[in-house]
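Novice:
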Amino acid sequence: MRLPVWWLWLALSGLALGGAPCAANDDLVAKQRQAERERVELRSRIEGLQKELDEREALRKDAADALKVSEAAISVTTRRLNELATQLRQAQNELDELQSQFKRQFGVLVLRRDELSNQLRKQYASGLSPWTALLSGDDPQQIGRDLIYLDYISRARASAVAAVKKEIERLAELEAKTELRRQEVVRVVQDTTEQKSVLDTQKKERATVLARIEGQLQAQRAEAAMLGRDDKRLSTLVDDLGGQLNAAREAAEAGRKAELARMAEQERQEQARQEQTRQEQAKQEQARQAQETSQLRQRQQEASAQSSGGDSDGAGLKPGLRWPLRGAVMARFGSNRPEGGVWRGILVRAAEGASVQVVASGTVVYSNWLRGFGNLLIIDHGQQYLSVYAYNQSLLKQIGDQVQTGETIALAGSTGGQVDSALYFEIRHRGAAVDPVQFLAR
Numbered sequence: 005m006r007l008p009v010w011w012l013w014l015a016l017s018g019l020a021l022g023g024a025p026c027a028a029n030d031d032l033v034a035k036q037r038q039a040e041r042e043r044v045e046l047r048s049r050i051e052g053l054q055k056e057l058d059e060r061e062a063l064r065k066d067a068a069d070a071l072k073v074s075e076a077a078i079s080v081t082t083r084r085l086n087e088l089a090t091q092l093r094q095a096q097n098e099l100d101e102l103q104s105q106f107k108r109q110f111g112v113l114v115l116r117r118d119e120l121s122n123q124l125r126k127q128y129a130s131g132l133s134p135w136t137a138l139l140s141g142d143d144p145q146q147i148g149r150d151l152i153y154l155d156y157i158s159r160a161r162a163s164a165v166a167a168v169k170k171e172i173e174r175l176a177e178l179e180a181k182t183e184l185r186r187q188e189v190v191r192v193v194q195d196t197t198e199q200k201s202v203l204d205t206q207k208k209e210r211a212t213v214l215a216r217i218e219g220q221l222q223a224q225r226a227e228a229a230m231l232g233r234d235d236k237r238l239s240t241l242v243d244d245l246g247g248q249l250n251a252a253r254e255a256a257e258a259g260r261k262a263e264l265a266r267m268a269e270q271e272r273q274e275q276a277r278q279e280q281t282r283q284e285q286a287k288q289e290q291a292r293q294a295q296e297t298s299q300l301r302q303r304q305q306e307a308s309a310q311s312s313g314g315d316s317d318g319a320g321l322k323p324g325l326r327w328p329l330r331g332a333v334m335a336r337f338g339s340n341r342p343e344g345g346v347w348r349g350i351l352v353r354a355a356e357g358a359s360v361q362v363v364a365s366g367t368v369v370y371s372n373w374l375r376g377f378g379n380l381l382i383i384d385h386g387q388q389y390l391s392v393y394a395y396n397q398s399l400l401k402q403i404g405d406q407v408q409t410g411e412t413i414a415l416a417g418s419t420g421g422q423v424d425s426a427l428y429f430e431i432r433h434r435g436a437a438v439d440p441v442q443f444l445a446r
């Protein structure tokens, strides 16, 4: 407790008049003054450290902005990887089909080539030709029949040659298509590899940013806590020394107790008046805050009435909903958060990259990065029901997308400054958070 200036003046005057007893207290006074100087210096150090912490928090904000860019890029890259994987599967299927067509067409070519070979072999074996038929000296009617037969063979051979040529052209066309598709598959594979490399680099940058920020802040907070404990111990020492000095001065000032009591009573009355004034001011402040609270609630009710027209949209949410993903519940609705406050939803442990599924049909009304929540998705289910999905590694849906029950909308992660991979899930009705476990299937 701080001593009034008049009390110290009287006490020191009494000590001066007391003579020899005052000398015994000089050592206590010197110790008290030294402790006071040390306390002033320590508090100066604490103020300087607090200033550095404020500056570090500002740096943390900048780093958080950089973290937003990194995690948003990870989301885009992961979505691109999913698209490339789909393209790769399609290209591979088309390549397999072209290869099957190539094999079938090659078999047709072999068949046509064999037919042409058989025709030529049979004609050669028969020895028939237009010149041999004319020079044979046989019956003219027989010669006519032979020439007709040779004409039929010639047309058949020409048809076979044309068929072989057509199959060769078809085979060349298939080979060209096969080569183009093979090159496309190679390009898609290269793109996929490059995108994976970019994702790994971005993840490493994000881990470095988190480690640097958390390490610096933890070290400075530890130092601030240590200095605070030092200040408390030093304050206790100063108070103890003051108590010893008070006892010595009270013993030396026994003759002045009446005057001191009167002046102390005046001081008490003054403090009582000041306390009464403070209480009246506190009541006025409470009345003002109550009025502001009433006005705020009235504005909220008016805003709620204006937005109530959307209650008929959608089916809302009913108990028995499917879980967005299966995992251990790390934090429940209404429990205390480590950094202060309470949880307004549940925290479910999830492997990084696990599929996050929407609990009911609805429309995406938010799909972006938000400080403290990382990559965040909000789904409107109608009847003023919203479901919230936070800390995602990647967002697979955009604002305005219609989603159906059980559809994958995101991939789980640890964005927003989290350490462990998990999904933060909320259900809100008319803007107020409700326990989501009441809506989820047992």
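Under the working numbering, think of the first position of the sequence shown as 5, with each following residue one higher. Using N, Cα and C, we set each Cβ at its ideal position, and we do this for glycine too.
Output the distance between the C-alpha atoms of Ala307 and Gly320, rounded to the nearest integer angstrom.
Specialist: In this predicted model, Ala307 has a pLDDT of only 39, less than 50, meaning its place in the structure is not dependable; the value taken from the coordinates is given anyway. Spanning the two alpha carbons is a distance of roughly 20 Å.
Novice: With DSSP as the reference, label Glu306 as helix, strand or coil.
Specialist: Note that Glu306 scores a pLDDT of 48, beneath 50, so its modelled location is shaky and nothing firm can be said.
Novice: Three-state secondary structure (DSSP) at Asn379?
Specialist: Strand, per DSSP.
Novice: Please classify Lys4: is it buried, with 16 or more other beta-carbons within 10 angstroms of its beta-carbon, or exposed?
Specialist: Past the edges of the chain, shown from 5 to 446, lies residue 4, and the structure says nothing about it.
Novice: From Val193 to Val80, what distance separates their C-alpha atoms?
Specialist: Cα-Cα distance, rounded: 18 Å.
Novice: So Arg64 and Leu238 are in contact, right, with Cβ under 8 Å, and what is the actual spacing, rounded?
Specialist: 30 Å between Cβ atoms; not a contact.
Novice: Assuming Val362 contacts Ile382 (C-beta within less than 8 Å), just tell me the rounded distance between them.
Specialist: Their Cβ separation, rounded to whole angstroms, is 11 Å, which puts Val362 and Ile382 out of contact at 8 Å.
Novice: What are the start and end residues of each continuous beta strand (DSSP E) run of 3 or more residues lying completely inside the stretch 333-393, in chain order?
Specialist: For the stretch 333-393, whole beta strand (DSSP E) runs of length 3 or above, ordered along the chain, are 333-335, 350-353, 359-361, 366-374 and 378-386.
Novice: Which of the three DSSP states, helix, strand or coil, is assigned to Asn29?
Specialist: If DSSP states are grouped into helix, strand and coil, Asn29 belongs with coil.
Novice: Where does the unbroken beta strand (DSSP E) through Arg432 begin, and where does it stop?
Specialist: Per DSSP, Arg432 belongs to the beta strand (DSSP E) from Ala426 to His433.
Novice: Per DSSP, which one or two residues make a beta bridge with Asn396?
Specialist: Note: Asn396 sits in a beta bridge opposite Asn379 and Ala416.
Novice: What is the rounded straight-line gap between the Cα of Glu227 and the Cα of Ser48?
Specialist: Distance between the alpha carbons of Glu227 and Ser48 is about 14 Å.
Novice: Please report the straight-line C-alpha distance between Leu415 and Ala394, rounded to a whole angstrom.
Specialist: For Leu415 and Ala394, the distance between alpha carbons rounds to 10 Å.
Novice: Buried or exposed, going by whether 16 or more other CB atoms sit within 10 Å of the CB of Gln145?
Specialist: The residue is exposed, with fewer than 16 neighbouring Cβ atoms inside 10 Å.
Novice: Per DSSP, what are the beta-bridge partners of Val407 in this structure?
Specialist: Answer by DSSP bridge pairing, in chain order: Gly366.
Novice: Using a Cβ-Cβ cutoff of less than 6 Å, which residues in the same chain neighbour Leu21 once the five nearest sequence positions on both sides are dropped?
Specialist: For Leu21, the pLDDT reaches just 45, beneath the cut-off of 50, and the residue's location in the model is therefore unreliable, although a value from the coordinates is still provided. Contacts found: none.
Novice: Use the C-beta contact count for Gln406: other C-beta atoms within 10 angstroms, 16 or more gives buried, fewer gives exposed.
Specialist: By the neighbour-count rule (16 or more Cβ atoms within 10 Å), Gln406 is not buried but exposed.
Novice: Please classify Val423: does DSSP put it in a helix, a strand, or coil?
Specialist: DSSP places Val423 in coil when its eight states are reduced to three.
Novice: Can you name, in chain order, every residue of its own chain whose Cβ lies under 6 Å from the Cβ of Arg161, other than the five neighbours on each side?
Specialist: If we look at Arg161 and ignore the five residues flanking it on each side, its Cβ neighbours are Gln123.
Novice: Looking at Ala445 and Arg348, is the spacing between their C-beta atoms short of 8 Å?
Specialist: Not in contact: Arg348 and Ala445 (Cβ atoms no closer than 8 Å).
Novice: Give me, in chain order, the residues of the same chain whose beta-carbon lies closer than 8 Å to that of Arg210; leave out the 5 immediate sequence neighbours on both sides.
Specialist: Contacts found: Leu71, Ser74, Glu75 and Ile78.
Novice: Can you tell me whether Phe429 is buried or exposed? The criterion is at least 16 other CB atoms within 10 Å of its CB, across all chains shown.
Specialist: By the neighbour-count rule (16 or more Cβ atoms within 10 Å), Phe429 is buried.
Novice: Take Val213 and list the residues in its own chain whose beta-carbon comes closer than 8 Å to its own, dropping the five residues that flank it on each side.
Specialist: Taken in chain order, the residues that qualify are Ala67, Ala70, Leu71 and Ser74.
Novice: Taking Cβ to Cβ, would you say Ser425 is nearer than 8 Å to Ala354?
Specialist: Taking 8 Å as the Cβ cut-off, Ser425 and Ala354 qualify as a contacting pair.
Novice: Name the two residues that bound the continuous beta strand (DSSP E) containing Ala436.
Specialist: Unbroken beta strand (DSSP E) run through Ala436: Ala436 to Val438.
Novice: Please look up how many angstroms separate the CB atoms of Arg116 and Ala167, rounded, as I've assumed it's under 8 Å.
Specialist: With 8 Å as the limit, Arg116 and Ala167 qualify as a contact, their Cβ atoms being about 5 Å apart.
Novice: So, using beta-carbon positions, are Val369 and Leu329 closer together than 8 Å?
Specialist: It is not a contact, given that the beta carbons lie outside the stated cut-off.
Novice: With a threshold of 16 other CB atoms inside 10 Å of the CB of Tyr389, please say whether the residue is buried or exposed.
Specialist: Tyr389 comes out buried.
Novice: Measuring alpha carbon to alpha carbon, tell me which residue in Ala39, Ala34, Asp30 and Asp31 is nearest Leu241.
Specialist: Checking every option, the nearest Cα to that of Leu241 belongs to Ala39.
Novice: Could you have a look at Thr297 and say whether DSSP puts it in helix, strand or coil?
Specialist: The predicted position of Thr297 is uncertain, since its pLDDT is 42 and thus under 50; no value can be drawn from it.
Novice: Kindly confirm or deny that the stretch 98-111 and the stretch 181-190 touch, where touching means at least three C-beta pairs closer than 8 Å.
Specialist: They touch, by the three-pair rule.
Novice: Taking a contact to mean a Cβ-Cβ separation below 8 Å, would you say Glu98 touches Arg185 in this structure?
Specialist: Yes, the Cβ-Cβ distance between Glu98 and Arg185 is below 8 Å.
Novice: Tell me which same chain residues have a C-beta within less than 6 Å of the C-beta of Arg454, skipping the five on either side of it?
Specialist: Since the first and last residues shown for the chain are 5 and 446, residue 454 lies out of range.
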